[in-house]
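Everything below concerns the one structure shown next.
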Amino acid sequence: MKKTLLLLAFCAGSFYQSQTNRFTYELQYRKDPSQEYRRDLMNLDISPKSVKFYDKGFADYDVKNKNSSQPISRYSTKTDQVIERKPDSFDNKWYRDFFDYFVVKTHDEMTWQVLQETKDYNGYKLQKATTHFGGRSWSAWFSNEINIKEGPYKFRGLPGLIFILEDADQNFVYQLINNEKLGTDYDTREFVETHYSKPAILITNEKFNKYIEDIYQNPTRIFSEKVKNGGNLSFKNESIESAEELNKKKEMLQNGIKGRYIYLEKDKEPVFKS
């Protein structure tokens with residue numbers, strides 16, 4: 002990793018004239034310390050026109066689809082952290098996948114406190130900075146050897162690339178593990194700007210939460226029409242053939258809705274009422 006990153010550092014003046022530079026982070030996340038971590042890899046793609054952050058699984062499936070003559074294989078975000086913005090901007094498009102596909106526009110400028118504390122990481126000298134965001138306190142470790150003011154998710158604005166990011170309870174921990182320079186401006190239109198040709202519906206976060214909360218209160222509604230029309234459903238390999246059988250799955254469906262995402266921004270998450 003260091004050799005490539007050093008090259009970018011030496012070429013900082015011409016960095017944004019290049020094609021897509023991809024930084025891959027390992028994300029460990031949990032709702033609280035009583036839980037085991039979920040783990041996902043996340044891509045941060047930086048090009049002259051945009052900065053995008055998304056589950057690496059999207060790019061992996063995209064490669065498979067482009068190299069296959071078979072019907073398209075689809076992937077859905079596991080993290081609810083699909084982000085797009087312009088370079089040097091705090092204005093984000095936050096793409097949300099929950100049955101339909103949505104986009105929430107947010108302005109996320111952060112106030113950082115840069116500290117004197119430093120440490121070594123894979124041969125780089127990292128410096129610590131702290132901020133408050135999304136109802137959590139955060140520590141970031143960045144390197145001003147890499148003149149890129151970006152980082153995971155919506156985090157940016159430090160005088161160097163963020164290598165490590167974690168909240169005070171270590172419920173979200175990002176670590177930079179790889180980077181590569183792609184030969185072309187990587188096309189994400191099938192899985193970021195749209196969800197496999199399904200356009201993103203512009204919505205506020207408040208309306209998005211209301212949408213999820215309504216589904217939670219009556220989770221069988223979206224499946225009931227299919228059952229009424231003679232279709233079959235399958236949950237955990239169990240066939241559902243009637244409305245009565247479907248209604249018995251209400252609690253299971255509610256648990257699935259409640260646990261689908263672990264929301265990084267605690268101050269923006271939906272409220273599920275019993």
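For the sequence shown, the tail end lands on 275 under our numbering, and the numbers increase by one without skipping. Glycine is no exception: its CB is placed at the ideal position from the N, C-alpha and C atoms. No experiment lies behind these values; they were computed from the predicted model shown.
>> Using a Cβ-Cβ distance cut-off of 7 Å, determine whether Ser48 contacts chain B.
In response: Of the protein chains in the structure, only one exists, and it is not chain B.
> Residues bridged to Asp46 by DSSP?
Replying inline: Arg23, Lys53.
> What's the gap between the Cα of Met43 and the Cα of Ser35?
Replying inline: For Met43 and Ser35, the distance between alpha carbons rounds to 24 Å.
>> For the pair the stretch 254-262 and the stretch 210-224, tell me if three or more CB-CB distances fall below 8 Å.
In response: When Cβ pairs closer than 8 Å are counted between the two stretches, the stretch 254-262 is seen to touch the stretch 210-224, the count reaching three or more.
>> Cutting at 6 Å between CB atoms, please list the residues of its own chain near Glu110, excluding the five before and the five after it.
In response: Sequence-distant partners of Glu110 (beyond 5 residues in either direction) whose C-beta falls short of 6 Å from its own C-beta, in its chain, are Phe91.
> Is the beta carbon of Gly135 less than 7 Å from the beta carbon of Glu245?
Replying inline: For Gly135 and Glu245, no; Cβs fall outside 7 Å.
> Straight-line CA distance for Ile213 to Gly124?
Replying inline: Their Cα atoms are separated by approximately 45 Å.
> DSSP state of Asp89, grouped into three classes?
Replying inline: Coil, per DSSP.
>> Looking at the secondary structure, which residues open and close the beta strand (DSSP E) in which Tyr175 lies?
In response: That run of the beta strand (DSSP E) goes 173-182.
>> So, at 7 Å on beta carbons, what are the nonlocal neighbours of Tyr197 in its own chain, with the 5 sequence-adjacent residues on each side left out?
In response: Cβ contact annotation for Tyr197 (same chain, cutoff 7 Å, sequence separation greater than five): Ile73, Arg75, Glu191, in chain order.
> Can you tell me whether Gly184 is buried or exposed, with buried defined as 16 or more other CB within 10 angstroms of its CB?
Replying inline: Label assigned to Gly184: exposed.
> Is the stretch 100-115 touching the stretch 155-162 in the sense that three or more CB pairs, one from each, lie closer than 8 Å?
Replying inline: Under the three-pair Cβ rule at 8 Å, the stretch 155-162 counts as touching the stretch 100-115.
> Which value, in whole angstroms, describes the spacing of the CA atoms of Ile263 and Ile163?
Replying inline: Each residue's alpha carbon lies about 22 Å from the other.
> When the Cα atoms are used, what is the spatial distance from Leu127 to Arg40?
Replying inline: CA-CA distance, Leu127 to Arg40, rounds to 24 Å.
> Would DSSP call Leu7 helix, strand or coil?
Replying inline: Here Leu7 scores only 47 on pLDDT, less than 50, and its place in the model should not be relied on; the value that follows carries that caveat. When secondary structure is reduced to three states using DSSP, Leu7 falls in the helix class.
> What are the start and end residues of the alpha helix (DSSP H) that includes Ile213?
Replying inline: Note, Ile213: alpha helix (DSSP H), 206-218.
> Alpha carbon to alpha carbon, how far is Ser15 from Asn22?
Replying inline: Note that Ser15 scores 45 on pLDDT, short of 50, meaning its location in the model is unreliable; the coordinates nonetheless yield the value given after this. The straight-line gap from Cα to Cα measures roughly 12 Å.
> Got a sec? Which residues, its chain only, sit under 7 Å from Leu166 by beta carbon, not counting five neighbours each side?
Replying inline: Contacts found: Trp139, Ala141, Gly152, Pro153, Phe156, Tyr175.
> Which residues in the same chain as Phe59 place their Cβ atom closer than 7 Å to its Cβ, once the five residues preceding and following it in sequence are excluded?
Replying inline: Same-chain partners within the cutoff: Tyr76, Phe192.
> What does DSSP give as the partner residues of Ile202 in its beta bridges?
Replying inline: Beta-bridge pairing links Ile202 to Phe103.
>> Using 8 Å for Cβ pairs, my map puts Ile178 next to Glu27. What's the rounded Cβ distance?
In response: At roughly 5 Å, the Cβ-Cβ gap stays under 8 Å, so Ile178 and Glu27 are in contact.
> Of all the options Ser51, Arg97, Phe143, which has the alpha carbon lying nearest to the alpha carbon of Asp121?
Replying inline: Taking only the C-alpha atoms, the option nearest Asp121 is Phe143.
> Would you report the Cα separation of Asp46 and Glu181, rounded to the nearest angstrom?
Replying inline: Roughly 10 Å between the two C-alpha positions.
> Just the Cα atoms here: how many angstroms apart are Ile202 and Asp81?
Replying inline: When the Cα atoms are used, Ile202 and Asp81 turn out to be separated by approximately 15 Å.
>> Excluding the 5 residues flanking Lys4 on each side, which residues of the same chain have their C-beta closer than 7 Å to its C-beta?
In response: Reliability of the predicted coordinates at Lys4 is poor, the pLDDT of 48 falling under 50, and the value obtained from them is presented with this limitation in mind. Counting only Cβ-Cβ distances below 7 Å, and skipping sequence neighbours, we find nothing.
> For Gln71 versus Asp186, is the C-beta distance shorter than 7 Å?
Replying inline: Not a contact, by the Cβ cut-off of 7 Å.
> Does DSSP put Asp268 in a helix, in a strand, or in coil?
Replying inline: If DSSP states are grouped into helix, strand and coil, Asp268 belongs with the helices.
> Can you name, in chain order, every residue of its own chain whose Cβ lies under 8 Å from the Cβ of Leu116, other than the five neighbours on each side?
Replying inline: Cβ neighbours of Leu116 beyond the five flanking positions: Gln128, Lys129, Ala130, Thr131.
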